[in-house]
Amino acid sequence: MHGEMVKAESGARAAGGVIFAFAAVALLIHLLTNGRYGYFRDELYFLACSRHLDWGYVDMAPLSAWVLRLQTSLFGESLFSLRLLPAIAHALVVALTGWLAREMGGRAWAVGLACTASLSALVYLAIGNVYAMNVFEPLFWGGCAFLLVRIVNSSGSSGAMWLLFGLVAGLGFQNKHSFVFFGAATVLALLFTPQRRELLRLPIWMGGGIALAIALPNIVWQVQHGWPTLELLRNVAESDKNVVLGPVQFVVQQVLIMNPATLPLWLGGLLWLLVSRLGSRYRVIGLTYLFALAIFILMRGKHYYLAPIYPLLFAAGGVAWKQFTT
373 MHGEMVKAES
383 GARAAGGVIF
393 AFAAVALLIH
403 LLTNGRYGYF
413 RDELYFLACS
423 RHLDWGYVDM
433 APLSAWVLRL
443 QTSLFGESLF
453 SLRLLPAIAH
463 ALVVALTGWL
473 AREMGGRAWA
483 VGLACTASLS
493 ALVYLAIGNV
503 YAMNVFEPLF
513 WGGCAFLLVR
523 IVNSSGSSGA
533 MWLLFGLVAG
543 LGFQNKHSFV
553 FFGAATVLAL
563 LFTPQRRELL
573 RLPIWMGGGI
583 ALAIALPNIV
593 WQVQHGWPTL
603 ELLRNVAESD
613 KNVVLGPVQF
623 VVQQVLIMNP
633 ATLPLWLGGL
643 LWLLVSRLGS
653 RYRVIGLTYL
663 FALAIFILMR
673 GKHYYLAPIY
683 PLLFAAGGVA
693 WKQFTT
């Protein structure tokens, strides 16, 4: 027994070291490259919004503007300052991917594989070099997924986890409204797994109340201004601004933006979650991905709207491939 405990502790330390190393590499990559070109036009818009703080804007939720206001107040508006948080955010996404893999039972090898995919995902490398709300999305989606895995592992003692889930979900909505689709996909996934029993317990509803309370200021702003974001979305849908992708094209774009080399990992992770006996414990994660994919295809969303969910599959893939090869 003592030997097993020592081995487990050693494995946990090794996995932690791997996570730290990959996160540090991600941060270093961005710090070495994010000042090689000037301000991106969207960054100028975010700067303008940060100088006119409000509880909402026509085309975005308010959190990223508030965060940028704090950041520029402390560090100024230089390129380095503006892009410091995106660099840190990508490093945290890499770390979160590793933590997810470890929470699913992965050790150093599985954690390293998952972190490699999250580090090399093309869309994460891109958004980690500019300030925008998109760079924070994987943290909120992945944070909720991490808590969901902890809930699955808790075997009934999940009350505090649902309260934290509500906190992260509320902040996720205040960062970008499309978080509601992740929330909807998660609820649908719960209905099709044994975790549906959580819907009958008070903590999940308390978590929902926390999320609603955090989201409420922006909702009130929308009501007071006649739902301008919905009007904008309707106008965009009626125009030819966005390229509409069919289901196959949408999936192909997922492969491309996440880096084709990572396809075997995240696809293997998805299959492990859905059909493997060992991965079935976390099937709610795999179903969340499928429901989110279906929602964005049906709503003709942009191909990158699904990008925040892939740390979940990278983590599952790391664990799956380790099991497949042993």
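To convert a position in the sequence shown, counted from 1, into the working numbering, add 372.
Note that the Cβ used here is the ideal one computed from N, Cα and C, for glycine as well.
Closest to residue i by C-alpha separation, out of the options, would be which residue?
i    : options                   : result
L454 : A463, D426, L491 and E415 : E415
A517 : V495, T469 and A532       : T469
F452 : C421, R479 and T405       : T405
G580 : P589, A541 and Q567       : A541
S648 : R474, T558, A688 and A387 : A688
R606 : M578, I576 and G673       : G673
G389 : C487, H402, M476 and L645 : C487
K548 : A473, G478 and A504       : A504
A398 : E610, Y661, Q594 and A493 : A493
Q621 : H675, L602 and I657       : H675
L659 : L628, V559 and G690       : V559
G531 : R573, Y429 and F696       : R573
Q536 : Q546, F512 and F554       : For the sequence presented, residue 536 should be read as Leu rather than Gln. Of the candidates Q546, F512 and F554, the one whose C-alpha sits nearest the C-alpha of L536 is F512.
F554 : G428, Y677 and V595       : Y677
R479 : G690, F696 and T697       : G690
D431 : F412, L670 and L602       : L602
A459 : R569, K694 and L403       : L403
L539 : G515, G428 and A561       : G515
L588 : L456, F545 and A561       : F545
Roughly how many angstroms lie between the CA atoms of residue i and residue j, to the nearest whole one?
i    : j    : result
S436 : T634 : 29 Å
Y417 : Y409 : 17 Å
L519 : F686 : 16 Å
D426 : N614 : 28 Å
I523 : M533 : 6 Å
V552 : L637 : 27 Å
L584 : N590 : 10 Å
G484 : A557 : 28 Å
S526 : G598 : 43 Å
A396 : S450 : 22 Å
A692 : G651 : 8 Å
L684 : C421 : 32 Å
A482 : L419 : 40 Å
A679 : S550 : 12 Å
Y661 : I681 : 7 Å
L665 : H424 : 35 Å
L497 : A463 : 10 Å
V502 : G448 : 16 Å
V439 : A433 : 12 Å
G618 : L643 : 23 Å
A384 : I391 : 11 Å
S611 : E475 : 44 Å
A461 : I586 : 21 Å
L628 : G641 : 17 Å
L565 : R413 : Checking the sequence, you will find Thr at residue 565 rather than Leu. For T565 and R413, the distance between alpha carbons rounds to 44 Å.
P510 : I401 : 18 Å
N631 : L543 : 28 Å
V592 : A467 : 35 Å
I712 : A393 : Residue 712 lies beyond the residue range present for the chain, which begins at 373 and ends at 698; the question has no answer from this structure.
F387 : L604 : The sequence shown places Ala at residue 387, rather than the Phe named in the question. Cα to Cα, A387 sits roughly 45 Å from L604.
Hey, quick one: how far does the alpha helix (DSSP H) through residue i stretch, first residue to last?
i    : result
A451 : The amino acid at residue 451 is misidentified as Ala; the sequence shows Leu. L451 to L454 is the extent of the alpha helix (DSSP H) around L451.
I591 : L574 to Q596
G640 : L635 to V647
V608 : P600 to E610
R655 : R655 to L670
K694 : Y682 to F696
V615 : Element bounds for V615: n/a, residue is neither H nor E.
S422 : R413 to S422
Please state whether DSSP places residue i in a helix, a strand or coil.
i    : result
M432 : strand
H549 : coil
S490 : helix
E376 : Legend: pLDDT at E376 = 45, less than 50; position of this residue unreliable, no value from coordinates given.
T565 : coil
V524 : helix
G500 : coil
G410 : coil
S530 : coil
G538 : helix
G470 : helix
W513 : helix
W427 : coil
L403 : helix
M476 : coil
A386 : helix
L560 : helix
M505 : helix
G484 : helix
L650 : coil
G448 : coil
G555 : helix
G335 : Outside the shown range of the chain (373 to 698) lies residue 335, about which nothing can therefore be said.
Is any beta-carbon of chain C found at less than 8 Å from that of residue i?
i    : result
E610 : Looking for chain C here will not work: only one protein chain is present.
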